[in-house]
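To start, the structure under review is shown below, and the notes come after it.
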Amino acid sequence: MLRYFTSGESHGEALVAFLSGLPAGLHVDQGFLDRELWRRQQGYGRGGRMKIETDKAHILSGVRHGITIGSPIAVLLENKDWKNWEESLPVTEGDPSKHKAVKSPRPGHADLAGALKYNFPEARYVLERASARESAARVAIGAIAKLFLCELGMEVLSHVLSVGETMLDREAAWAEIKEVSAKNDVLLSCVDPNTELRMKEEVDKVLKTGDSVGGVFEVVAHNVPPGLGTYAQWDERLDALLAGAVMSLQAVKAVEIGSGIAAAGSPGSKVHDEIGYEAKDRPTKFSRAHNNAGGIEGGISNGEEIRVRGYLKPISTLRRPLQSVDFVTREPVKAAYERSDVCVVPAAGVAAEAMVALTLAKVALDKFGGDSMQETKRNFEGYRQQLRDF
Ligand SMILES: Cc1cc2nc3c(=O)[nH]c(=O)nc-3n(C[C@H](O)[C@H](O)[C@H](O)COP(=O)(O)O)c2cc1C
């Protein structure tokens with residue numbers, strides 16, 4: 018059973034991620050993990066922190082001589098900013114005068130709900146864990162899940178569909194998404210350069226006004242065989258698992274599978290993907306006229322690309338803060354401000370790739386099992402033969 022956890026505070030010493038349940042014998046390319054972590058740090062509109070940090074995945078356990086050994090994997094990501102926080106956020110009691118309190122909760126962030134829940138007098142500890150710094154840990158283990166999926170021929174990438182009101186007005190082809198993901202100079206990860214420049218203008222606008230902006234990313238899983246997930250139980254449906262995984266990312270407020278949102282307002286005849294039987298170089302000869310279903314029907318992958326969209330609300334830390342209340346005096350004040358991103362759509366897409374990869378790795382292992390990669394691949398090949406013979 019594939020399971021994973023993360024731990025760590027935004028300004029603590031390190032993040033740690035645990036991944037348990039992968040078969041033995043998977044090659045782990047450290048350079049690939051670091052490249053994925055780098056991708057999460059990119060995008061126009063990120064805050065100052067991205068200049069301090071260059072995340073590196075330090076694998077502590079579960080990998081020896083470059084391959085997984087079937088035991089739990091732990092990955093550590095050092096927080097380079099820790100040296101600036103050692104005195105204000107120590108593990109030991111430390112000096113209370115050095116403590117950096119978050120004195121007034123930010124509307125839209127976890128500050129108020131978290132302080133009320135945990136009975137904290139201010140929101141420092143809330144921010145430390147609610148912050149999306151945590152998503153770096155997910156990207157590290159998501160990269161290992163991607164390496165596993167790659168052994169079964171699957172790939173997971175993302176691109177940006179919209180920033181603010183600027184939207185890509187067409188579907189992005191897999192080759193374009195690959196190209197945009199391979200760039201060493203990331204702007205807003207949109208496959209159309211003109212739309213991307215207009216997206217940049219949206220970010221420039223909020224940079225000028227001290228505001229922030231959200232948007233939509235799309236994660237695409239390529240070459241997924243039909244048959245992952247099932248309708249047999251509510252909590253085994255692939256669409257439900259993916260929606261939960263992507264929604265669990267900070268600031269994602271809606272998830273769409275395929276063209277789910279437009280489908281709700283369209284007649285069935287315009288939505289459903291008509292079936293043919295002339296496909297070549299595919300797991301089966303069945304083909305589809307289009308892919309409005311986003312590769313999932315009845316909670317099961319149907320052999321088309323899986324397309325999952327995440328809708329991000331705008332960042333809640335504003336340079337021109339909204340109205341709030343002082344935690345101590347209860348007087349009206351402006352919400353706290355701490356160095357912050359203003360647009361994170363490309364980065365959230367990369368974090369969502371990790372969540373999609375972890376989810377697909379889980380359902381693939383549920384189906385194919387195996388304690389070694391040889392066993393998993395043998396089972397997978399047997400199933401592929403069954404599909405060819407169907
Ligand atoms: C990659 C990424 C980076 C983020 N960076 C910031 C940030 O710099 N400042 C901020 O206020 N929120 C940031 N957020 C969003 C907050 O973490 C999130 O809004 C907050 O934890 C509350 O959770 P919720 O929006 O899911 O309710 C970021 C989100 C993501 C996905």
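Start counting the sequence shown at 18; every next residue gets the next number (this note's numbering). Every residue, glycine too, gets a C-beta built ideally from N, C-alpha and C. All figures in this text were calculated on a predicted structure; none of them were measured in a lab.
Distances from the CA of Thr-376 to each of Asn-136, Lys-100 and Val-156 were compared; the closest alpha carbon is that of Val-156. Ranked by Cα distance from Thr-183, the options Pro-210, Gln-340 and Asn-308 are led by Pro-210. Judged by pairs of C-beta atoms under 8 Å, the segment 234 to 251 touches the segment 167 to 181, as three or more such pairs exist. Residue nearest to Ile-278 within the set Phe-303, Val-237, Glu-145 and Arg-324 is Arg-324 (criterion: CA-CA distance). Counting C-beta atoms within 10 angstroms of its own C-beta, Gly-29 has 16 or more neighbours from the protein chains shown and is therefore classed as buried.
DSSP, read as helix, strand or coil, puts Arg-336 in coil. Residue environment for Arg-326: buried (at least 16 other C-beta atoms within 10 angstroms of its C-beta).
For Gly-275, same chain residues with a beta-carbon under 6 Å away, outside a window of 5 residues either side, are Asn-309, Ala-310, Gly-311 and Arg-324 in chain order. A heavy atom of ligand 1 is found nearer than 6 Å to the CB of Ser-148. About 7 Å separates the beta carbon of Val-373 from that of Ala-262, a gap short enough to meet the 8 Å contact definition.
Taken through DSSP and simplified to helix, strand or coil, Ser-121 comes out as coil. Look at the beta carbons and you see the segment 79 to 93 touching the segment 33 to 51: at least three pairs across the two are nearer than 8 Å. Ala-192 has its alpha-carbon roughly 30 Å from the corresponding atom of Gly-42.
Within the same chain, Cβ atoms closer than 6 Å to the Cβ of Ile-194 are found at Leu-174, His-176 and Val-237, the five residues on either side in sequence being excluded. Between the segment 324 to 343 and the segment 115 to 131 there are three or more C-beta pairs closer than 8 Å, enough to call the two in contact. Residue burial is scored here from C-beta neighbours: Leu-133 has fewer than 16 other C-beta atoms within 10 angstroms and is therefore classed as exposed. Rounded to whole angstroms, the Cβ separation of Phe-49 and Ala-160 is 6 Å, and the two are in contact under 8 Å.
Judged by the Cβ position, Asp-358 qualifies as a neighbour of ligand 1 at the 6 Å threshold, a heavy atom of the ligand being closer than this. When DSSP reads this structure, Val-237 sits in a beta bridge with Leu-174 and Arg-324. Placement of the Cβ of Ile-332 at a distance of less than 6 Å from at least one heavy atom of ligand 1 is found. With respect to the 7 Å criterion, Val-367 and Arg-57 are classified as neighbours on the basis of their beta carbons. At least one heavy atom of ligand 1 falls within 6 Å of the beta-carbon of Ala-268. If only complete runs of 3 or more residues are kept, the segment 336 to 382 shows the beta strand (DSSP E) at 340 to 342 and 349 to 351, in order along the chain. Under DSSP, Leu-93 takes part in a beta bridge, and its partners are Val-33 and His-75.
DSSP places Arg-215 in the helix class (H, G or I) of the three-state scheme.
Counting along the chain, no beta strand (DSSP E) covers Ala-310, and no H or E run does either. Selection Glu-110, Ala-281 and Val-380 evaluated against Ala-162 yields Val-380 as nearest (Cα-Cα). In this structure, the CA atom of Ser-283 is about 15 Å from the CA atom of Glu-291. Residue environment analysis places Arg-187 among the exposed positions, since fewer than 16 neighbouring C-beta atoms fall within 10 angstroms of its C-beta. Taking C-alpha positions only, Ser-148 is separated from Leu-266 by approximately 10 Å. DSSP places Lys-115 in no alpha helix (DSSP H); its state is neither H nor E. Linking Asn-396 to Lys-384 through their CA atoms gives a straight-line distance of about 9 Å.
Beyond the five residues adjoining it in sequence on each side, Gly-181 comes within less than 6 Å, by CB distance, of Glu-219 and Val-230 in the same chain, given in chain order.
By the Cβ neighbour-count rule, Ala-189 is buried, with 16 or more other Cβ atoms within 10 Å of its own. Bounds of the beta strand (DSSP E) holding Lys-270 are 269 to 274. In the three-state DSSP reduction, Thr-226 falls in the helix class (H, G or I).
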